[in-house]
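Engineer: Line by line, the protein sequences give chains C and H.
For reference, each letter of the first sequence is one residue, going 46 to 542 in my numbering.
For reference, each letter of the second sequence is one residue, going 46 to 542 in my numbering.
Think of the CB as a built atom: it goes at the ideal place given N, C-alpha and C, for glycine as much as any other residue.
2 protein chains.
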Amino acid sequence: MSENYERFMQKFAELADIDHAQALLSWDQETYMPAKGTAMRARSQGTLAGISHERLTHPDFVALVEYLKGLDLTGDQAVNVREIDRAQSRALKIPKDLIVELRQTESLSHEAWVAARKKADFATFAPWLKKILGLQKQVAHLVGFEGSVYNAFLDEYEPHARAEEIAPLFAQLRQRLVPLVEGIAATGKRPATGILDGEFPLEAQEAFGRQIMAAMGFDLEAGRLDIAVHPFCQGLSPDDVRLTTRYSVDKLAEALFGTMHETGHGLYEQGLPQAEGGTPLCQSISLGIHESQSRLWENMIGRSRPFWQHYLPQLQAYFPEQLAGVELDSFYAAINQVETSFIRVEADEVTYNLHILLRFELEMDMVEERVQVEDLPAVWNERMEEYLGVCPADDAQGVLQDVHWSFGLLGYFPTYTLGNLYAAQFFARAQEDMPGLMEQVAEGELAPLKRWLNENIHARGRRSTAGELVQEVTGEALSAEYFIDYLEGKFKPLYSL
Amino acid sequence: MSENYERFMQKFAELADIDHAQALLSWDQETYMPAKGTAMRARSQGTLAGISHERLTHPDFVALVEYLKGLDLTGDQAVNVREIDRAQSRALKIPKDLIVELRQTESLSHEAWVAARKKADFATFAPWLKKILGLQKQVAHLVGFEGSVYNAFLDEYEPHARAEEIAPLFAQLRQRLVPLVEGIAATGKRPATGILDGEFPLEAQEAFGRQIMAAMGFDLEAGRLDIAVHPFCQGLSPDDVRLTTRYSVDKLAEALFGTMHETGHGLYEQGLPQAEGGTPLCQSISLGIHESQSRLWENMIGRSRPFWQHYLPQLQAYFPEQLAGVELDSFYAAINQVETSFIRVEADEVTYNLHILLRFELEMDMVEERVQVEDLPAVWNERMEEYLGVCPADDAQGVLQDVHWSFGLLGYFPTYTLGNLYAAQFFARAQEDMPGLMEQVAEGELAPLKRWLNENIHARGRRSTAGELVQEVTGEALSAEYFIDYLEGKFKPLYSL
């Protein structure tokens, strides 16, 4: 057995090594690759993906995994075999022709989306979305699912999640969020946000961001921070985690919270189990759990009053003129302005989730054929009115705003809100475990929280599913209550509700 | 036939795609990779190298190449099959175990070299060099060779070159260089080089370097310039060529000529045939030809008087205080100071080649067992005295100064001097083809030379061997005369000889 297991780990290590190269090719493409490098880069990525698929589904490797599954493995060995079996089964079920057709369609569909958005004309994108939806449903039926067909979509980003379990959580969230948003709007209160929109030299923005990264415990010997148009975090290994951010000279909040967000992702990647470097369990659990780490740091810490109690004077030292005389409470109010808007990526902490709920419901309706693709713009606008009280002027501000569907990423949106729910539940538990946590934050000490996340979440790797992890760490199943309580506890006082 | 040839090209394209990823992994390691990323990077590189070897030597691919070789292919098809056959035959002849042992030995040997150099103690490195030499000779005998066993070593860096042809060229060079160096020394003339050692802010150095890159015609949409401790040029494809340089605030010449040198390499990579992107013939011919491109730009242009006629005032605009009142002739003299020294990488244009000749002769002597590894330091010092009139104080200044042997790179050194010979012969031809060339350079116009190199050298890719290329471009075989004439024509007047 041991020899077979070793052979299995050897095979996996090769796949991880190919992944490593693919991750670097992606990172480089978004950071340093010169413009003309695109074509060759796409070819190289395609070839490596093909080699990876070929090796994952090689009959010898499949037989090896079958054999190991038949043994009564326990502990980490069982996890490693389970995870490879999962990836292998999926890969074996989708014929190569379908993958190729899907990739080609996605590429063309993305072009069509860019053009359609430019003209704010959903009709020209509709046929592509239909085609993608059809192909993705084929994949879903080949891969298989229980309950809603949507579960097959979801499973790719949030393994083992089920629409039947998410839907009630999201419904509960909506029920409490809509009145909160309405209540806030009704106060007519609008914090002065002008202090965030002065002229902030990029070097100082970067220096302050790096100071916060360091305080959060990100190891720059095992990672980097660079600039990208669409910021992201790419872990090449726990020892090599690449963060990106973007700076706008006239928008202080953008890079500030963007950097904290990506550092949250980065701490997860750096905190993954090292001793097991390059095994399947040395990986993040799901997009939702990943997002919980970024949101916790960005919002629950980065947009908290205690955090700025310590860091506002430091920020003012970087921008002595721009932030002269700014009071803690006005700053805290400014970075927590709630305002309904059309665009998801510009939304605040409270309204953000309504944007996601709308997308989740529409995706479910599309996939289960309750809404036809042609009717999406009308349904979109209707629900925007219902949830957020605003109606987009055109499709560009509405149904065409996100890139996701153009790339076939159906089932991805819910992981953003799941991330918020996980974050709030973890954060509540962390505060229970460490009663003085926010007092420490108020003194600029972020290490205790980082350590707690390392021990309770990061170091577990992929041993548990997301659902199991929440149960293990917090002692109960995922609930929307913690996030709602967090939002109400923060925003009701802020808006004197 | 056509279908088989297409299958062959498809197989090759995959190898090129893996190469692309490997090249990026290397580039990143020398530029942006965080310190702790080393272990995983080495693993990934190893796995990709293994996959590449596996695919190159796959029996189906071998049979395909065998079949195509049997056909009477002509033109580019014949070149492509010839080049893959060459790589494949070599790969097939070396058992995997030997490769693994060699790689491991190189890694350990490199560590031993670092320690030995620190203590200036060759004796602790000697056993490693012996072992590497033994393994490399095994490789040489497996790969096969005609004439000297050294040809097998040489062939890896300078395909089809033969020691029997190089030796007389180098001997002739030595015969003429030694008296030139002695003559220069005897004049007692030493140009004032202090003007190059002021304080030169890095930003201005970089800005001027980039201006020269642009004037040389390097396309920054298809390449980059970054910083590395040991500058290099890495072509990922003609559309993505990565240059590196290094800046010292107190050494103006270092980055200046370093950047021109690497840009020379970069123009070759960008100029390789594009229509055939990713075929074997879309590659550089040899290290020597590559080096000819960098040396031509760095020395024959960058260290020429006409070049600075145009660019000195521009350089002075970047450093108005540091270079105030510097005359063209003093500047020209300063950048062309000839001085015998112990260290190859610090040597000037004239003495540099004596450093190489010494290494070439020693390598021949080692490989053909006329000199024992233990005796290297003594022989080294003796010949330094003979060729350059100086004797190193210790092994660190002598036989241990270069990294090459520690990595098993035997047969590499001669390509540096071959590069100089090729460069001079090409440069003479270019001036014949374009009689006003240096007048154009004196007006800052570098495009005509770049175009000539593009057409006559770069665009030919790997269709010819280095020897054939020289014959085709210049109408005669490689000769040392052009380089000697160039050096004498330049340095005799400079030193009033």
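Which residues share a DSSP beta bridge with H/L288?
Structural biologist: DSSP output for H/L288 lists H/L270, H/C278 as bridge partner(s).
Engineer: Is the CB-CB distance between C/Y467 and C/G333 below 9 Å?
Structural biologist: Yes. Within cutoff.
Engineer: Which partner residues does C/S293 have in the DSSP bridge list?
Structural biologist: Paired residue(s): C/K296.
Engineer: For C/K495, which of helix, strand or coil comes out of DSSP?
Structural biologist: It is helical.
Engineer: In the structure shown, what three-state DSSP assignment does C/E413 receive?
Structural biologist: Of the three classes helix, strand and coil, the one that applies to C/E413 here is coil, per DSSP.
Engineer: Please list, in chain order, the chain H residues whose beta carbon lies closer than 8 Å to that of C/E266.
Structural biologist: Here the neighbours are P79, A80, K81.
Engineer: I believe C/F471 touches C/L288 by the beta-carbon criterion, under 8 Å. Please report the beta-carbon distance rounded to the nearest angstrom.
Structural biologist: About 21 Å separates the two Cβ atoms, so there is no contact after all.
Engineer: From the beta carbon of H/S329, is the nearest beta carbon of chain C less than 9 Å away?
Structural biologist: False, the Cβ-Cβ gap to chain C never drops below 9 Å.
Engineer: Would you list, in chain order, the members of the region 481–511 of chain H that have their beta-carbon closer than 9 Å to a beta-carbon of chain C?
Structural biologist: Cβ contacts with chain C come from no residue of the region 481–511 of chain H.
Engineer: Is C/A66 closer than 9 Å to H/L60 when the C-beta atoms are compared?
Structural biologist: Result no, Cβ atoms of H/L60 and C/A66 do not sit closer than 9 Å.
Engineer: In chain H, which residues lie less than 8 Å from C/D73 when you measure between Cβ atoms?
Structural biologist: The contacting residues are L69, D73.
Engineer: With DSSP as the reference, label H/N381 as helix, strand or coil.
Structural biologist: Coil.
Engineer: Consider the C-beta atom of C/L312 and the heavy atoms of the ligand NAP; say whether any pair is separated by less than 8 Å.
Structural biologist: As far as ligands go, the structure on display features none, and thus does not contain the ligand NAP.
Engineer: Would you say H/E93 faces chain C, with C-beta separation under 9 Å as the test?
Structural biologist: Strictly speaking, residue 93 of chain H in this sequence is Leu, with Glu absent from that position. Taking Cβ atoms only, chain C reaches closer than 9 Å to H/L93, which makes this a yes.
Engineer: What in chain C is Cβ-close to H/S152, meaning under 8 Å?
Structural biologist: The premise fails here: H/S152 is roughly 17 Å from chain C at the closest Cβ pair, so nothing lies under 8 Å.
Engineer: Along chain C, in chain order, which residues have C-beta atoms closer than 8 Å to that of H/A273?
Structural biologist: None at all; the shortest Cβ gap to chain C is about 13 Å.
Engineer: Within 9 Å (strictly less), CB to CB, does H/H65 reach chain C?
Structural biologist: Judged by the 9 Å Cβ criterion, H/H65 is in contact with chain C.
Engineer: Could you please tell me which residues of the region 86–120 of chain H, in chain order, have their CB closer than 7 Å to any CB of chain C?
Structural biologist: Against chain C - using a Cβ distance shorter than 7 Å - the residues of the region 86–120 of chain H are R88, S89, T92, L93, I96.
Engineer: Cα separation between C/A418 and C/Q446?
Structural biologist: Looking at the sequence itself, residue 418 of chain C is Val, so the reference to Ala does not match. Looking at the two C-alpha atoms, the distance is approximately 16 Å.
Engineer: Check the Cβ-Cβ distances between C/S541 and every residue of chain H, and say whether any is below 9 Å.
Structural biologist: Chain H contact via Cβ: absent.
Engineer: Identify every run of the alpha helix (DSSP H) within the region 315–357 of chain C, keeping only runs that are complete inside it and at least 4 residues long; order them along the chain.
Structural biologist: For the region 315–357 of chain C, whole alpha helix (DSSP H) runs of length 4 or above, ordered along the chain, are 332–340.
Engineer: Examine chain H for any beta-carbon lying closer than 9 Å to the beta-carbon of C/E59, and answer yes or no.
Structural biologist: C/E59 counts as touching chain H.
Engineer: Within 9 Å (strictly less), CB to CB, does H/D374 reach chain C?
Structural biologist: Output row for H/D374: interface = no.
Engineer: For chain C, find out if any of its Cβ atoms is closer than 9 Å to the Cβ of H/G323; answer yes or no.
Structural biologist: Answer yes: the Cβ-Cβ gap between H/G323 and chain C drops below 9 Å somewhere.
Engineer: Does the beta carbon of H/S282 sit closer than 9 Å to a beta carbon anywhere in chain C?
Structural biologist: Closer than 9 Å to some Cβ of chain C, the Cβ of H/S282 qualifies, so yes.
Engineer: Provide the residue span of the alpha helix (DSSP H) that contains H/D255, from first to last.
Structural biologist: What sits at residue 255 of chain H in the sequence shown is Arg, not Asp. Looking at the DSSP string, the run of the alpha helix (DSSP H) that includes H/R255 is 247–261.
Engineer: Using CA atoms only, rank isn't needed, just tell me which of H/G512, H/E488, H/G323 is closest to H/D121.
Structural biologist: Here the closest residue by C-alpha is H/G323.
Engineer: Secondary structure at H/Q446, three-state DSSP: helix, strand or coil?
Structural biologist: Correct three-state label for H/Q446: coil.
Engineer: Relative to the alpha-carbon of C/G309, which residue among C/K175, C/H449, C/I257 has its alpha-carbon at the smallest distance?
Structural biologist: Here the closest residue by C-alpha is C/I257.
Engineer: Determine, using beta carbons only, whether H/N398 and H/Y461 come nearer to each other than 9 Å.
Structural biologist: Their beta carbons are under 9 Å apart, which means H/N398 touches H/Y461 by this criterion.
Engineer: Quick one: which chain H residues come within Cβ less than 7 Å of C/R135?
Structural biologist: Ordered by position in chain H, no residue passes the 7 Å Cβ test against C/R135, which lies about 22 Å from the chain.
Engineer: Please state the DSSP three-state secondary structure of H/V486.
Structural biologist: Helix, per DSSP.
Engineer: With burial defined as no fewer than 16 other Cβ atoms inside 10 Å of the residue's Cβ, what is the status of H/H335: buried or exposed?
Structural biologist: Per the 10 Å Cβ criterion, buried.
Engineer: Quick one: what's got a C-beta closer than 8 Å to C/S293's C-beta in the same chain, skipping five residues either side?
Structural biologist: Only E299, A300 meet the Cβ criterion.
Engineer: Assuming contact is defined by CB atoms lying nearer than 9 Å, are C/N499 and C/G316 in contact in what I supplied?
Structural biologist: Going by C-beta atoms, C/N499 is nearer than 9 Å to C/G316.
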